[in-house]
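Structure record follows, encoded as structure tokens.
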Amino acid sequence: MKKYVYNFNEGKKEMKHLLGGKGANLAEMTNLGLSVPPGFTITTEACIDFYDQNEEISEEMMNEIKEHVGKVEEQLGKKFADKDQPLLFSVRSGAVVSMPGMMDTILNLGLNDETVQGLARSTNNERFAYDSYRRFIQMFSDVAMGISKSRFDLILDSKKEEKGYKEDPELTAEDLKEIIKGYKEIYLEEKREEFPQDPMKQLYLAVKAVFSSWNNARAFTYRNLNGIPHNLGTAVNVQSMVFGNMGNDSGTGVAFSRNPADGENRIFGEFLMNAQGEDVVAGIRTPKSIDELKQVMPAIYEEFISSAKKLENHYRDMQDIEFTIQNEKLYFLQTRNGKRTAKAAINVAVDLVEEGLISKEEAVLRIESAQLDNILHPNFDEKALKSAEKIAKGLPASPGAASGKVYFTAEAVVEAQGRGEACILVRQETSPEDIEGMNSAEGILTARGGMTSHAAVVARGMGKCCVAGCQEIRVDEAAKVLKYGNKTLKEGDVISLNGSTGEVYLGDIKKVNAELTGNFKKLMGYIDEIKRLGVRTNADTPKDAKTAVDFGAEGIGLCRTEHMFFNEDRIPKVRRMILAKSVEMREKALAELLPHQREDFAGIYEAMGERPVTVRLLDPPLHEFLPTTKADIETLAGSMGVSFEELKDVVDSLHEVNPMLGHRGCRLAVTYPEIYRMQARAIMEAAIEVSSKHEYDLVPEIMVPLIGSEKELKFVKDHIVDEIEQVFEEQSTKLTYKVGTMIEIPRAAITADEIANEAEFFSFGTNDLTQMGFGFSRDDAGKFLGEYENNEILEVSPFEAIDQKGIGKLMKMAVELGKSTRPDIHLGICGEHGGEPSSVEFCHKIGLDYVSCSPYRVPIAKLAAAQAVIKEKMEG
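This is the structure in structure tokens:
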């Protein structure tokens with residue numbers, strides 16, 4: 001018989017796949033001797049079985065749960081549902097992968113109209129007992145039965161207003177009894193039955209609710225956003241209750257063993273006295289810094305600090321710890337590897353290496369590509385910040401800089417982002433239902449909540465800028481206004497957030513790039529030691545090239561020469577070249593373009609030093625350089641001294657039904673070889689000039705796009721080589737150079753052995769290879785690819801990540817065929833897939849020499865390349 005339930009002392013951290021993250025860690029803390037309230041974990045396999053049983057808990061599983069309730073009763077000497085001294089449980093979810101805010105929790109389970117009286121008598125604290133009961137009714141009704149939490153909040157707030165109370169602890173036992181009566185009336189009205197009084201039925205419904213929450217909308221969205229498989233299931237942790245709301249000698253808190261915002265090696269967290277856990281997370285009351293616990297309860301503080309360090313050393317990572325103090329005794333309810341900002345992730349990883357706790361390889365594996373992406377994002381310009389109008393200050397919950405239009409609901413943010421607007425989500429406090437809006441927003445601002453609130457934890461995980469607990473603002477979500485001082489902001493007004501300081505500003509503020517020094521530089525050093533793949537950049541200007549070098553680019557894998565033709569000085573000359581009626585006229589126009597191209601290439605060589613530079617010759621169809629409107633055609637005709645009709649005829653003649661499959665790339669050079677000859681001359685003259693000036697040993701790499709056959713490449717290459725030889729003769733000097741091609745047509749991939757006779761290098765143009773391999777127009781596929789993903793026809797758009805089964809097979813074939821002809825052939829990728837982590841790992845596996853991507857994705861590609869090496873070693 002399959003075992004579905006494990007007591008905490010039966011498990012260990014290595015059983016995470018079965019017990020989920022929380023369950024495995026509860027077991028591990030129990031084994032370490034920490035004070036963990038006894039309980040048991042219902043496995044992820046039980047969740048899968050639940051869905052196999054049409055979302056019902058089998059009798060076999062329920063009997064096993066009852067058996068383990070009995071074991072906890074024996075450990076504690078208490079009885080579940082006992083009328084005199086009741087054993088109560090918390091019920092928490094615990095997926096294999098941490099999903100903060102996504103799953104649902106129920107506390108104080110087991111209370112009913114009789115057991116609440118027993119709890120009051122056994123603790124000699126009637127107020128505490130009825131406070132626990134009202135919390136349980138609200139949580140159970142919301143989580144297990146789907147009754148909106150806001151209905152209960154209305155009753156609670158009305159009672160506080162009636163009595164003139166500011167904080168929940170001011171409510172008396174009699175107040176709470178009246179609130180409970182109102183809560184039960186809501187339940188009866190909503191469910192057409194009395195609130196369940198049988199504790200075992202409560203437990204059954206709670207476990208069922210946690211299993212069901214695995215597939216609720218917000219959990220599903222979170223998994224999609226973070227690439228978490230949908231078939232893992234969640235475990236359920238049933239743990240005996242300890243109470244932080246038993247009076248002023250009790251409390252609850254959440255703390256990190258290091259600062260999750262910047263990685264500083266000191267305890268960071270918050271606590272509340274006379275409170276339960278949801279009070280800290282939900283932001284209903286403003287918590288105190290963990291440092292203040294030293295004055296409130298010095299012995300508890302020292303015990304917590306010692307235990308937190310013990311846990312961090314055991315797990316060899318920063319820990320996120322939940323704790324409760326009951327009658328001056330400390331209990332640990334959870335530990336897990338803490339969510340952290342990109343900055344903190346890098347600082348913690350490098351510090352742990354230097355402290356001797358982990359290896360460089362482990363440090364590299366712990367950094368996520370999204371975290372590096374976040375740290376490369378800009379911050380506010382200091383000069384611009386000085387003149388900005390500060391309107392409020394809250395807690396610096398998640399660092400970074402964000403500006404955007406104010407919106408008060410997640411739905412409004414999603415809609416506005418769809419219109420191309422930058423948005424700031426402004427809420428009293430966020431909840432799990434806001435997940436899509438939080439993901440779509442540039443930043444998040446809340447009036448309530450602390451540094452461990454839902455908004456703060458989720459924002460840090462997403463790498464979003466967040467200011468939380470901003471009590472200087474008043475948010476009216478219904479009226480869609482934000483008030484500060486005596487002023488009001490409406491929906492659509494622009495604000496800026498500094499998540500590193502907690503400051504809120506009016507209007508947009510200029511931003512600057514982050515400095516990539518210190519631990520970031522050390523981490524990149526680890527990465528460079530480990531990775532095998534080279535990482536180049538796609539850059540078309542000296543400025544882009546310099547940016548890429550600053551980010552660690554090791555060369556240029558794609559310089560798109562057509563981008564050099566579109567400025568005002570050059571486009572008239574390009575158009576004269578296109579409209580030339582003879583070779584002589586075309587060569588004359590090209591001669592005017594030659595100095596510009598030479599200057600461009602010289603600037604790029606200067607920026608790159610001796611790093612390799614691959615220049616792609618002209619690729620797009622010629623019609624892209626010509627005007628399309630009547631007014632623009634008339635203007636061009638006038639400047640060229642030809643009639644409108646004559647020019648219009650030429651423009652029309654260049655029109656193609658499918659230009660991306662038409663007269664472009666090397667096909668232009670077959671028709672007009674003088675175009676590529678001019679570009680080859682410009683490349684070589686620039687290289688000679690810069691080599692001579694700096695005594696560089698430059699090896700220009702000239703890339704011919706859209707080749708489909710060996711003969712095609714030979715025809716074009718012969719013209720390129722002939723022109724270069726003329727340059728060498730004129731300059732009385734020579735440079736080593738390479739002529740290669742892009743593999744972007746399926747025929748090129750399957751005849752790569754023949755093409756390698758002429759090509760000294762291959763660079764996979766995976767955008768076009770995907771387009772032609774699938775028969776998808778990359779410009780139009782966005783209209784329907786979403787449905788392919790929704791219906792699981794495709795896991796992800798093949799334009800975002802390489803389709804390894806199909807397009808990848810073409811690439812692998814081309815690599816093997818190319819090497820069979822030319823064993824030393826140089827192999828790379830220059831499509832934007834070159835910066836996508838799973839694609840980089842695939843390129844490593846099939847034996848490419850480098851990947852190339854946009855400048856800002858260079859560190860991400862390097863990280864993925866290093867992680868590919870480490871994973872390969874682990875698998876081996």
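The numbers in the UniProt record's numbering rise by one with no breaks, and the one at position 787 of the sequence shown is 787.
Cβ atoms here follow ideal geometry from the backbone N, Cα and C, with glycine treated the same way.
It should be emphasised that the depicted structure is a prediction, and the values quoted were computed from it without experimental measurement.
Item                                                                                                                            : Value
Cβ contact check for the region 718-727 and the region 767-787: 3 or more pairs under 8 Å                                       : no
For K79: DSSP bridge partner residues                                                                                           : P86
Segment contact, 8 Å Cβ cut-off, at least three pairs: the region 424-431 with the region 449-469                               : yes
Contacts around I870, its chain only, beta-carbon distance under 8 Å, and the 5 residues preceding and following it disregarded : E361, V364, L365 and I530
DSSP state of H826 mapped onto helix, strand, coil                                                                              : strand
Buried or exposed (CB count within 10 angstroms, at least 16 for buried), A478                                                  : exposed
Boundaries (first-last residue) of the alpha helix (DSSP H) holding T252                                                        : That residue, T252, is in no alpha helix (DSSP H); its beta strand (DSSP E) goes G251 to F256.
Nearest residue (CA-CA) to I846, options N25, H596 and R532                                                                     : R532
Span separating the alpha-carbon of K294 from that of F332                                                                      : 18 Å
Cβ-based burial, E389 [other Cβ within 10 Å; buried from 16]                                                                    : exposed
Option nearest K309 by Cα separation, candidates F136, E758, A255 and R218                                                      : A255
Three-state secondary structure (DSSP) of F762                                                                                  : strand
Ordered list of beta strand (DSSP E) runs contained in the region 654-723, each at least 3 residues                             : 701-704
Nearest neighbour of E167, chosen from E194, I346, P287 and A682 [CA to CA]                                                     : P287
Segment contact flag, the region 181-194 with the region 22-33, C-beta cutoff 8 Å, min 3 pairs                                  : no
Cβ pair count under 8 Å reaching 3, the region 712-723 against the region 627-639                                               : no
Separation of I147 from A217, as counted between CA atoms                                                                       : 16 Å
Range covered by the beta strand (DSSP E) that runs through A580                                                                : Element bounds for A580: n/a, residue is neither H nor E.
With 16 other Cβ atoms within 10 Å as the buried cut-off, status of T30                                                         : buried
Contact set for R223: own chain, Cβ-Cβ below 7 Å, skip 5 residues either direction                                              : H230
Residue 890, DSSP secondary structure in three states                                                                           : The requested residue 890 does not occur in the structure, where the chain is confined to residues 1 to 876.
Length of the line joining the Cα atoms of residue 887 and A120                                                                 : Outside the modelled stretch of the chain, which goes from 1 to 876, sits residue 887, for which no answer is possible.
Three or more C-beta pairs below 8 Å linking the region 590-602 and the region 674-689                                          : yes
Cβ-based neighbour list, H655, same chain, cut-off 7 Å, excluding 5 preceding and 5 following                                   : H623
Inter-residue Cα distance where the pair is D104 and S213                                                                       : 7 Å
Alpha-carbon to alpha-carbon, T446 and C465                                                                                     : 12 Å
Residues near D508 in its chain [Cβ-Cβ closer than 7 Å; skip 5 each side]                                                       : S403, V494 and S496
Those residues which DSSP pairs with N538 across a bridge                                                                       : L558
Classification of S306 by the beta-carbon crowding that lies within 10 angstroms, buried from 16 upward                         : exposed
R151 in three-state terms, based on DSSP                                                                                        : helix
Under the three-state DSSP convention, the category G834 falls into                                                             : helix
Residues bridged to N379 (per DSSP)                                                                                             : V512
DSSP three-state assignment for A24, whether helix, strand or coil                                                              : helix
Endpoints, beta strand (DSSP E) assigned at E270                                                                                : F268 to M273
Rounded C-alpha distance that separates S132 from S90                                                                           : 12 Å
Identified DSSP bridge partners for Y850                                                                                        : G534 and G828
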